[in-house]
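Colleague:
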Amino acid sequence: MHKSYQPLKPATNKYLQKKWDQTRYEEHRNKLSTARPIVDTKGIRTPAHVQLKLKKLQLQDERLVTIERDNRLLSSKLSDIVRSKGLVDHRNHYPERSLNAEKRRDELLQVTNQNQAIYQRITARESDYRRQLWLDDWERVVRRRDDIARYPRAVANKQVRSMWYKSIIGTLFSSLR
């Protein structure tokens, strides 16, 4: 192996130069392994208030307190049931009550009174339409139309049509009443 070693600098003794280079290399390797970084790459330390989360712990404690209280109430109720003879009062014979029943009843009475007043005003009002005048006018129009017509209509046709017109007019005017 010493025959293959070529020192970097000219040396009188190749063996010694190899030994010195070897120790220098080992020292270099040792320094590299023990070297500390100059740049801090650890990152910032998280603050204690972010890490600990006191509000979350407080809410959790409050939740546990309410659970324990509910458990105590349930256990006391269960112990009462066990100590009693096991009779259960399951009948609810109390009347249903509403807090605003009177107010709703008063409003309903007021609305019905208003509706009755409106109905009486509507029924007391006389019609502005004079049905008999309209019927007489229509009969005059039909007579004139028949007089103006080029070909006179048959008597049967007149009877059928006048009955038809009267029934239509009667339904129209009865809906207007």
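For the sequence shown, position 21 (counting from the first letter as 1) is numbered 599 according to our numbering, and the numbering increases by one without interruption. For glycine and all other residues, C-beta sits at the position ideal for the given N, C-alpha and C.
(1) Write down the C-beta distance between Y603 and K592 rounded to the nearest angstrom, noting that I regard them as a contact closer than 8 angstroms.
(2) Looking at the structure shown, is R623 part of a helix, part of a strand, or coil, going by DSSP?
(3) From what residue to what residue does the alpha helix (DSSP H) around K596 run?
(4) DSSP state of R683, grouped into three classes?
(5) How far does the alpha helix (DSSP H) with N649 in it extend, from its first residue to its last?
(6) Would you mind reading off the limits of the alpha helix (DSSP H) that contains E717?
(7) Considering only their Cβ atoms, is the gap separating Q595 from P585 smaller than 7 angstroms?
(8) Output needed for A695: all residues of its chain with C-beta closer than 6 angstroms, excluding positions within five of it in sequence on either side, in chain order.
(9) Please report how far the alpha carbon of D714 lies from the alpha carbon of R723, in whole angstroms.
(10) Just verifying my parser: in three-state terms, what is the DSSP assignment at A589?
(11) Short of 7 angstroms in beta carbon distance, which residues of its chain neighbour N649, apart from the five on each side in sequence? Order them along the chain.
(12) According to DSSP, simplified to helix, strand and coil, what is N691?
Modeller: In this structure, then:
(1) Taking the first residue of the sequence shown as position 1, residue 603 is located at position 25. Taking the first residue of the sequence shown as position 1, residue 592 is located at position 14. With a beta-carbon spacing of about 16 angstroms, Y603 and K592 fall beyond the 8 angstroms limit used to define contacts.
(2) Position 45 of the sequence shown, counting from 1, holds the residue named residue 623. Under the three-state reduction of DSSP output, R623 falls in the coil class, being neither helix nor strand.
(3) Locating residue 596 in the sequence shown gives position 18, where the first residue counts as 1. Counted as a single uninterrupted DSSP element, the alpha helix (DSSP H) harbouring K596 occupies residues K592 to T612.
(4) Counting from one through the sequence shown, the residue named residue 683 turns up at place 105. Three-state result, R683: helix.
(5) Mapped onto the sequence shown, residue 649 falls at position 71. It spans L632 to R661 - the alpha helix (DSSP H) in which N649 sits, taken as one unbroken run.
(6) One-based indexing of the sequence shown puts residue 717 at position 139. R709 to I726 is the span of the alpha helix (DSSP H), which, as asked, contains E717.
(7) Here residue 585 corresponds to residue number 7 of the sequence shown, with the count starting at 1. Here residue 595 corresponds to residue number 17 of the sequence shown, with the count starting at 1. Their beta carbons are under 7 angstroms apart, which means P585 touches Q595 by this criterion.
(8) Position 117 of the sequence shown, counted from the first residue, corresponds to residue 695. Sequence-distant partners of A695 (beyond 5 residues in either direction) whose C-beta falls short of 6 angstroms from its own C-beta are missing from its chain.
(9) The count along the sequence shown starts at 1 and reaches residue 714 at position 136. The count along the sequence shown starts at 1 and reaches residue 723 at position 145. Using only the alpha carbons, I get a separation of about 14 angstroms.
(10) Your numbering for residue 589 matches position 11 in the sequence shown. Coil at A589, not helix or strand.
(11) Here residue 649 refers to the residue found at position 71 of the sequence shown. Listed in chain order, the non-local C-beta contacts of N649 below 7 angstroms within the same chain number zero, local neighbours out to five positions each way being set aside.
(12) Counting from one through the sequence shown, the residue named residue 691 turns up at place 113. In the structure shown, N691 sits in a helix (DSSP, three-state: H, G or I).
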